[in-house]
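Q: Residue numbers (the UniProt record's numbering): 1 to 349. A virtual CB, placed ideally from N, CA and C, is assigned to each residue, including glycine.
Structure (structure tokens):
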């Protein structure tokens with residue numbers, strides 16, 4: 001019953017097999033081999049246009065380097081107050097940018113409120129240098145609380161960003177789950193809706209270690225190659241990142257894994273909602289489920305081997321917590337089995 005994080009899951013067999021297949025022999029280093037070039041072309045196909053792809057080791061590196069590429073003097077990145085870049089990356093953005101700051105923007109259940117974003121940007125006059133200057137807007141897809149921006153939501157934020165001359169970045173650590181949940185194409189969710197650059201995550205969705213920065217707008221990220229080199233994120237044996245992505249993007253494996261994780265989350269949500277000792281905090285939209293449990297029930301589940309975490313109350317939560325209750329996060333992955341959820345349901349009952 002491993003629901004602590006999709007990072008706890010292993011690796012899909014097809015991805016492991018492809019790594020083994022490419023383990024022998026000689027290949028050009030630093031991302032310039034035949035396999036690397038084939039994967040870049042595959043990204044072009046996935047996004048229906050020519051894109052620039054830069055492999056990195058982690059989602060945090062992808063986010064921080066994206067912000068470094070978009071940085072301005074006195075730069076301020078606007079994000080949701082509960083975004084990963086704001087609360088979980090230990091100041092990586094400030095480190096990689098040389099001092100850029102984050103300005104949190106409110107919004108219900110992990111999604112930026114467009115009107116609040118507009119007001120936040122307007123706080124900074126371009127003539128008031130001591131206040132800094134906005135450099136980018138970043139949104140998380142899917143969000144930290146398991147919700148998803150619809151295409152129209154992304155377009156609304158992109159319109160505000162464009163009006164203020166700001167590029168739009170998407171933190172896509174769980175991008176596959178969002179695509180599987182909405183059924184739109186990757187192109188529709190990103191550049192066709194106004195996104196300039198995305199942190200494309202695969203590590204949470206069945207890879208060993210594979211994330212990338214993908215640039216749609218050639219006007220942004222011109223220095224990313226140099227920034228990545230300086231940050232120690234340029235892999236000499238990049239073919240082993242490419243080998244993961246080759247399998248990941250073949251025959252829609254990435255979407256099938258994400259779809260399974262989302263389906264398991266839906267089953268988990270039904271199980272919790274049907275139990276006499278728990279209830280949903282809000283409806284899940286991707287692969288994360290947030291439940292309200294009393295502390296005694298949570299401790300009993302954990303003692304029986306269930307792995308999950310207590311979670312803070314997010315903005316926009318309109319439910320009720322009793323004195324002895326808390327919100328707990330359960331995450332499904334490509335490896336989650338129905339039997340795990342059924343076992344949890346038996347314990348809840």
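1) Per DSSP, what kind of secondary structure is residue 212 in: helix, strand or coil?
2) Residues bridged to residue 172 by DSSP?
3) Just how far apart, CA to CA, sit residue 375 and residue 21?
4) Looking at C-alpha atoms only, which residue of 285, 348, 214 and 117 is the closest neighbour of residue 43?
5) Span of the alpha helix (DSSP H) holding residue 271?
6) Leaving out five residues before and five after residue 66 in sequence, what residues of the same chain have Cβ atoms less than 7 Å from its Cβ?
7) Going by DSSP in three states, residue 294 sits in which element: helix, strand or coil?
8) Name the DSSP bridge partner or partners of residue 280?
9) With a threshold of 6 Å on Cβ separation, who are the neighbours of residue 316 within its own chain once the five nearest residues in sequence on each side are excluded?
10) My output table needs one value for residue 222: the three-state DSSP class, helix, strand or coil.
11) For residue 117, which residues does DSSP report across the bridge?
12) Return the CA-CA distance between residue 15 and residue 247, expressed in angstroms with no decimal places.
13) What do you get for residue 112, buried or exposed, if any count of 16 or more other CB atoms within 10 angstroms of its CB means buried?
14) List the endpoints of the continuous beta strand (DSSP E) containing residue 99.
15) Classify residue 115 as buried or exposed, calling it buried when 16 or more other Cβ atoms lie within 10 Å of its own Cβ.
16) CA-CA distance, residue 368 and residue 334?
17) In three-state DSSP terms, what is residue 47?
18) Within 8 Å (strictly less), CB to CB, does residue 291 reach chain B?
19) Is it buried or exposed, residue 206, if we count other Cβ atoms within 10 angstroms and call 16 or more buried?
20) Output needed for residue 149: all residues of its chain with C-beta closer than 7 Å, excluding positions within five of it in sequence on either side, in chain order.
21) Would you check if the distance between the CB atom of residue 298 and the CB atom of residue 279 is smaller than 8 Å?
22) Assign residue 147 to one of three DSSP states: helix, strand, or coil.
23) Quick one: measure Cβ to Cβ for residue 71 and residue 100, integer angstroms, because I've assumed they're closer than 8 Å.
24) Roughly how many angstroms separate the alpha carbons of residue 296 and residue 311, rounded to a whole number?
25) Please determine, among 161, 307 and 188, the residue with the shortest C-alpha to C-alpha distance to residue 151.
26) Exposed or buried, which one is residue 204 when buried takes at least 16 other CB atoms within 10 Å?
27) Measuring CB atoms only, is the stretch 239–254 touching the stretch 83–91, in the sense that at least three cross pairs come out at less than 8 Å?
A: Looking at the coordinates:
1) Taking the chain shown and counting its residues from 1, one reaches residue 212 at position 212. Residue 212 sits in a strand when the DSSP states are folded into three classes.
2) Position 172 of the chain shown, counted from the first residue, corresponds to residue 172. 200, per the DSSP bridge assignment.
3) No information on residue 375 is available, as it lies outside the stretch 1 to 349 that the chain covers here.
4) Position 43 of the chain shown, counted from the first residue, corresponds to residue 43. Selected option, being the one with the closest Cα: 214.
5) On the chain shown, position 271 is the one that residue 271 refers to. Unbroken alpha helix (DSSP H) run through residue 271: 253–274.
6) In the chain shown, counting from the first residue as 1, residue 66 sits at position 66. So the qualifying residues of the chain are 169, 197, 199 and 213.
7) Residue mapping note: residue 294 aligns to position 294 of the chain shown, counting from 1. In the three-state DSSP reduction, residue 294 falls in the strand class (E or B).
8) Working through the chain shown from its first residue, we reach residue 280 at position 280. DSSP lists 291 as partners of residue 280.
9) As a position in the chain shown, residue 316 is number 316, starting the count at 1. Scanning its chain for C-beta atoms nearer than 6 Å, with the 5 sequence neighbours on each side dropped, one finds around residue 316 the residues 108 and 109, in chain order.
10) For this step, residue 222 is matched to residue 222 along the chain shown. Coil.
11) Taking the chain shown and counting its residues from 1, one reaches residue 117 at position 117. The partner list for residue 117 (beta bridge, DSSP) is empty, contrary to what the question assumes.
12) One-based indexing of the chain shown puts residue 15 at position 15. One-based indexing of the chain shown puts residue 247 at position 247. The alpha-carbon of residue 15 is positioned some 5 Å away from that of residue 247.
13) Counting from 1 along the chain shown, the entry for residue 112 is found at position 112. Classification for residue 112: buried.
14) If you number the chain shown from 1, residue 99 lands on position 99. No beta strand (DSSP E) holds residue 99; DSSP gives it neither H nor E.
15) For the purposes of this step, residue 115 is identified with residue 115 of the chain shown, where counting begins at 1. So residue 115 ends up on the exposed side.
16) It is not possible to answer for residue 368, since the shown part of the chain is limited to 1 through 349.
17) Here residue 47 corresponds to residue number 47 of the chain shown, with the count starting at 1. Three-state DSSP puts residue 47 in a helix.
18) Reference to chain B is not applicable here, since this structure consists of a single protein chain.
19) As a first step, residue 206 is located in the chain shown; it is residue number 206 there, counting from the start. With 16 or more other Cβ atoms inside 10 Å of its own Cβ, residue 206 counts as buried.
20) Position 149 of the chain shown, counted from the start, is the residue given in the question as residue 149. Around residue 149, the same chain offers 111, 139 and 141 as residues with beta carbons nearer than 7 Å, after the five sequence neighbours per side are excluded.
21) To locate residue 298, count along the chain shown from 1; it is residue 298. To locate residue 279, count along the chain shown from 1; it is residue 279. With respect to the 8 Å criterion, residue 298 and residue 279 are not classified as neighbours on the basis of their beta carbons.
22) Stepping through the chain shown from its first residue, residue 147 is reached at position 147. In this structure, DSSP gives residue 147 a state outside helix and strand, which the three-state scheme calls coil.
23) On the chain shown, position 71 is the one that residue 71 refers to. On the chain shown, position 100 is the one that residue 100 refers to. Indeed they touch by this definition, with Cβ atoms about 5 Å apart.
24) Counting from 1 along the chain shown, the entry for residue 296 is found at position 296. Counting from 1 along the chain shown, the entry for residue 311 is found at position 311. In this model, residue 296 and residue 311 are separated by some 16 Å (Cα to Cα).
25) The count along the chain shown starts at 1 and reaches residue 151 at position 151. Of the listed residues, the one whose Cα sits closest to residue 151 is 188.
26) To locate residue 204, count along the chain shown from 1; it is residue 204. When all chains shown are included, residue 204 counts as buried.
27) A contact is defined here as three or more CB-CB pairs under 8 Å, and the stretch 239–254 fails this definition with respect to the stretch 83–91.
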